[in-house]
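Each remark here refers to the structure printed beneath this line.
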Amino acid sequence: MSAFSYKGRISTGDLVNGQVAAESIDAAAARLSERGIIPIEISPIQNASQESVQAVWRRLGGGRPSTKDLTMFCRQMHTITRSGIPLLRGLASLAQSTHHPLLREALEEVIESLRAGRGLSESMRRHPEVFSSLFVSIVEVGETTGTLDSAFLRLYEYLGQDEKVRKKVTSAVRYPILVFAAIAIALGVISVFVIPNFAPLFRALGDDIPMPTRIIMGISDFTVNKWPLLLIAVIAAFFGTRAYLGTASGRATWDRNRLRLPVIGAIMLEAALARVTRSLAVAIGAGLPMNQALATIAQSTGNVFLAERVNGMCTAVEKGRSLIWAATNAELFPPLVLQMISVGEETGSIPDLMDETADYYQREVDYRLENLSAALEPILIVAVGICVLILALGVFLPMWDMVGKARGM
1 MSAFSYKGRI
11 STGDLVNGQV
21 AAESIDAAAA
31 RLSERGIIPI
41 EISPIQNASQ
51 ESVQAVWRRL
61 GGGRPSTKDL
71 TMFCRQMHTI
81 TRSGIPLLRG
91 LASLAQSTHH
101 PLLREALEEV
111 IESLRAGRGL
121 SESMRRHPEV
131 FSSLFVSIVE
141 VGETTGTLDS
151 AFLRLYEYLG
161 QDEKVRKKVT
171 SAVRYPILVF
181 AAIAIALGVI
191 SVFVIPNFAP
201 LFRALGDDIP
211 MPTRIIMGIS
221 DFTVNKWPLL
231 LIAVIAAFFG
241 TRAYLGTASG
251 RATWDRNRLR
261 LPVIGAIMLE
271 AALARVTRSL
281 AVAIGAGLPM
291 NQALATIAQS
301 TGNVFLAERV
311 NGMCTAVEKG
321 RSLIWAATNA
331 ELFPPLVLQM
341 ISVGEETGSI
351 PDLMDETADY
361 YQREVDYRLE
371 NLSAALEPIL
381 IVAVGICVLI
391 LALGVFLPMW
401 DMVGKARGM
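Rendered as structure tokens:
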């Protein structure tokens with residue numbers, strides 16, 4: 001038997017709340033009815049340890065449904081709403097068939113909320129860890145206008161495109177990370193296993209050890225003999241960086257600077273702008289007012305720097321400025337995109353032009369990814385060359401000195 005918290009009304013109309021023990025939510029509702037309480041909301045109570053573990057897991061983002069899960073959900077919801085299947089029955093079927101625990105839990109609570117008389121968008125809004133503000137806003141417009149099937153179709157297409165861009169950017173970032181990680185591992189192996197074998201030979205030179213060799217020997221000695229301090233420093237740096245990124249200023253600084261990284265920064269920026277413009281096309285096409293669409297998109301950019309710029313556009317539109325004026329002052333878009341926005345605003349075809357803009361950015365991302373290897377090769381060659389040069393000088397300079405002394409004897 002489980003414990004449930006509830007909110008309800010008694011015969012006088014007063015609002016009451018409390019806890020009730022029952023085998024299920026339906027059984028809890030029946031018990032409350034027997035007490036003369038009309039339940040408004042019933043939710044299970046988790047024990048503290050389970051709740052804390054789940055809270056930490058969700059805070060880390062591990063428990064959230066992936067874009068692929070939501071894409072499939074939207075496709076299924078489009079089929080359900082278009083075929084005329086009752087919404088409650090369709091959602092119940094999806095809740096039973098989904099394999100993602102958090103999505104299944106959210107759908108079950110959405111079903112209970114619908115049974116309590118709430119709307120679909122209102123029920124989804126209670127689960128921001130699953131359904132984004134943009135997602136809920138588009139569902140709300142579809143619910144209001146009686147076009148839920150079209151709303152879910154738009155979301156399906158939008159999420160599908162978004163997933164493609166995300167995968168491409170992830171693959172682009174993964175390549176240099178793996179290369180530099182391999183370099184770091186190689187340097188670590190040399191410092192721990194190779195240099196210590198040469199150290200006695202180098203120390204035989206006394207005070208004549210070249211500076212590059214001293215540096216390499218110092219790093220090797222510290223790595224071998226002071227590794228606990230090194231481990232503590234790495235852990236402290238990890239958690240310190242994480243704490244800094246948890247602050248508003250730290251997150252904004254990181255989000256701004258990562259878009260300025262050589263080669264990869266341009267790819268991430270164009271991928272983010274593809275997402276912003278496609279989101280705007282979907283939101284405006286669904287019937288959201290321009291200011292509400294921009295405010296909603298700002299919350300779902302995933303980048304604090306871009307969110308600030310989009311919020312600035314929203315503020316300008318709310319003050320009566322045109323979209324092209326707001327976009328120009330945001331300093332995010334190149335002249336070609338600004339011309340497309342201007343034409344879309346003049347002809348009343350902003351959704352179509354925003355879709356075309358998103359396609360333009362996606363083509364740019366594809367082009368940059370195709371040429372990524374050629375762009376990164378000079379940087380990687382220079383990095384590897386510097387490492388090899390330092391190691392070569394550190395190892396061979398003392399050997400040359402020893403050979404020179406031997407010849408002099």
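Numbered by the numbering used here, the letters in the sequence shown go through residues 1 to 409 in order.
Glycine residues also receive a C-beta, built at the ideal position from the N, C-alpha and C atoms.
Check whether residue 223 and residue 171 have beta carbons under 8 angstroms apart: Here the question's residue 223 lines up with position 223 in the sequence shown. Here the question's residue 171 lines up with position 171 in the sequence shown. The answer is no: Cβ separation not under 8 angstroms.
Since residue 275 and residue 162 should fall inside the 8 angstroms C-beta cutoff, what is the C-beta to C-beta distance between them, to a whole number of angstroms? In the sequence shown, counting from the first residue as 1, residue 275 sits at position 275. In the sequence shown, counting from the first residue as 1, residue 162 sits at position 162. Contact flag correct, Cβ pair sits at about 6 angstroms.
For the region 265-314, which segments carrying the beta strand (DSSP E) assignment without a break, of at least 3 residues, lie completely within its bounds, in sequence order? none
Any idea what DSSP makes of residue 97, helix, strand or coil? Looking up residue 97 in the sequence shown gives position 97. Residue 97: helix per DSSP, three-state reduction.
What does a CB cutoff of less than 7 angstroms around residue 100 pick up in its chain, not counting 5 residues either side in sequence? What you label residue 100 is simply residue 100 of the sequence shown in a count that begins at 1. Closer than 7 angstroms at Cβ, skipping near neighbours: 65 and 69.
Mark residue 361 as exposed unless 16 or more other C-beta atoms lie within 10 angstroms of its C-beta, in which case mark it buried. Residue mapping note: residue 361 aligns to position 361 of the sequence shown, counting from 1. Classification of residue 361: buried, given that the 10 Å Cβ count is 16 or more.
Just reading off the alpha helix (DSSP H) that residue 218 is part of, what are its end residues? Position 218 of the sequence shown, counting from 1, holds the residue named residue 218. Counting along the chain, the alpha helix (DSSP H) containing residue 218 begins and ends at 211-225.
Reduced DSSP category for residue 132 - H, G, I as helix; E, B as strand; rest coil: As a position in the sequence shown, residue 132 is number 132, starting the count at 1. Coil.
Can you tell me where the beta strand (DSSP E) with residue 44 in it begins and where it stops? The residue you call residue 44 lines up with position 44 of the sequence shown. Note, residue 44: beta strand (DSSP E), 38-44.
Reducing DSSP to helix, strand and coil, say where residue 121 ends up. Here residue 121 is taken as the residue at index 121 of the sequence shown, counted from 1. DSSP places residue 121 in helix when its eight states are reduced to three.
Go through its chain and collect everything with a Cβ distance to residue 106's Cβ below 6 angstroms, but skip five positions before and after it. If you number the sequence shown from 1, residue 106 lands on position 106. If we look at residue 106 and ignore the five residues flanking it on each side, its Cβ neighbours are 127 and 130.
Who are residue 4's beta bridge partners in DSSP? What you label residue 4 is simply residue 4 of the sequence shown in a count that begins at 1. For residue 4, which the question treats as bridged, DSSP gives the partners 20 and 44.
Going by the CB atoms, is the gap between residue 109 and residue 121 shorter than 8 angstroms? As a position in the sequence shown, residue 121 is number 121, starting the count at 1. As a position in the sequence shown, residue 109 is number 109, starting the count at 1. Taking 8 angstroms as the Cβ cut-off, residue 121 and residue 109 do not qualify as a contacting pair.
Going by Cα to Cα distance, which pick from 197, 92, 374 and 40 is closest to residue 118? As a working mapping, residue 118 is identified with position 118 in the sequence shown. Nearest option by C-alpha distance: 40.
Using a threshold of 8 angstroms, state whether the C-beta atoms of residue 410 and residue 250 are closer than that. Here the chain covers residues 1 to 409 and nothing more, so residue 410 does not appear.
In this structure, does DSSP put residue 242 in helix, strand or coil? Here residue 242 refers to the residue found at position 242 when the sequence shown is read from its first residue. Three-state DSSP puts residue 242 in a helix.
Cβ-based burial, residue 158 [other Cβ within 10 Å; buried from 16]: Locating residue 158 in the sequence shown gives position 158, counting from the first residue. Classification of residue 158: buried, given that the 10 Å Cβ count is 16 or more.
Smallest Cα separation from residue 213: which of 199, 226 and 295? Position 213 of the sequence shown holds residue 213. Out of 199, 226 and 295, 199 has the C-alpha closest to the C-alpha of residue 213.
Out of 298, 391 and 335, state which residue places its alpha-carbon closest to the alpha-carbon of residue 133. If you number the sequence shown from 1, residue 133 lands on position 133. The option with the nearest alpha carbon to residue 133 is 298.
So is residue 255 buried or exposed if we call it buried at 16+ other beta carbons inside 10 Å? For the purposes of this step, residue 255 is taken as the residue at position 255 of the sequence shown. So residue 255 counts as buried.
Using C-beta distances below 8 angstroms, list every residue in its chain close to residue 45, excluding the 5 sequence neighbours before and after it, in chain order. Counting from 1 along the sequence shown, the entry for residue 45 is found at position 45. Contacts found: 2, 3, 4, 5 and 19.
Looking at the unbroken alpha helix (DSSP H) that takes in residue 85, where does it start and where does it end? Reading the sequence shown from its first residue, position 85 is the one you call residue 85. Segment: none, residue 85 is in no alpha helix (DSSP H) and carries neither H nor E.
Helix, strand or coil at residue 393 according to DSSP, with G and I counted as helix: Within the sequence shown, the letter at position 393 stands for residue 393. It is helical.
If you drop the 5 nearest sequence neighbours on each side, which residues of the same chain put their C-beta closer than 7 angstroms to that of residue 217? Your numbering for residue 217 matches position 217 in the sequence shown. Excluding sequence neighbours, residue 217 sits near 195, 199 and 202.
Three-way DSSP call (helix, strand, coil) for residue 176 in this model: In the sequence shown, residue 176 corresponds to position 176, counting from 1. In the structure shown, residue 176 sits in a helix (DSSP, three-state: H, G or I).
Just the C-alpha distance for residue 86 and residue 124, rounded to the nearest angstrom, thanks. Numbered from 1 along the sequence shown, position 86 holds the residue referred to as residue 86. Numbered from 1 along the sequence shown, position 124 holds the residue referred to as residue 124. If I take the Cα positions, the gap works out to 17 angstroms.
Cα-Cα, which of 284, 167 and 380 is closest to residue 353? Position 353 of the sequence shown, counted from the start, is the residue given in the question as residue 353. Looking at the Cα atoms, 284 is the closest of the given residues.
Which whole-angstrom value describes the C-beta separation of residue 111 and residue 148, a residue pair presumed to lie in contact below a C-beta threshold of 8 angstroms? Looking up residue 111 in the sequence shown gives position 111. Looking up residue 148 in the sequence shown gives position 148. Between residue 148 and residue 111 the Cβ distance is about 16 angstroms, and since that is not below 8 angstroms, they are no contact.
Rounded straight-line distance, which links the Cα of residue 351 to that of residue 75: Position 75 of the sequence shown, counted from the first residue, corresponds to residue 75. Position 351 of the sequence shown, counted from the first residue, corresponds to residue 351. Rounded to the nearest angstrom, the two C-alpha atoms are 21 angstroms apart.
Closest to residue 358 by CA distance: which of 35, 373 and 270 is it? In the sequence shown, the residue the question calls residue 358 occupies position 358. If we check each option's Cα against that of residue 358, 270 comes out closest.
If we count the other Cβ atoms within 10 Å of its Cβ and call it buried at 16 or more, is residue 137 buried or exposed? For this step, residue 137 is matched to residue 137 along the sequence shown. So residue 137 counts as buried.
Start-to-end residues for the alpha helix (DSSP H) that takes in residue 371: Within the sequence shown, residue 371 is the residue found at index 371, counting from 1. First-last for residue 371: undefined, no H or E at that position.
Of the choices 10, 82, 363 and 329, whose alpha-carbon is the least far from that of residue 164? Taking the first residue of the sequence shown as 1, we reach residue 164 at position 164. Residue 363 is the option with its Cα nearest to residue 164.
Buried or exposed, going by whether 16 or more other CB atoms sit within 10 Å of the CB of residue 344? As a position in the sequence shown, residue 344 is number 344, starting the count at 1. When all chains shown are included, residue 344 counts as buried.
Could you give the C-beta distance for residue 312 and residue 330, rounded to a whole number, given that I count them as a contact under 8 angstroms? Numbered from 1 along the sequence shown, position 312 holds the residue referred to as residue 312. Numbered from 1 along the sequence shown, position 330 holds the residue referred to as residue 330. Right, their Cβ atoms sit about 6 angstroms apart.
Rounded separation between residue 29 and residue 116 - CA only: As a first step, residue 29 must be located in the sequence shown, where it is residue number 29. As a first step, residue 116 must be located in the sequence shown, where it is residue number 116. Near 11 angstroms, if we compare the C-alpha coordinates of residue 116 and residue 29.
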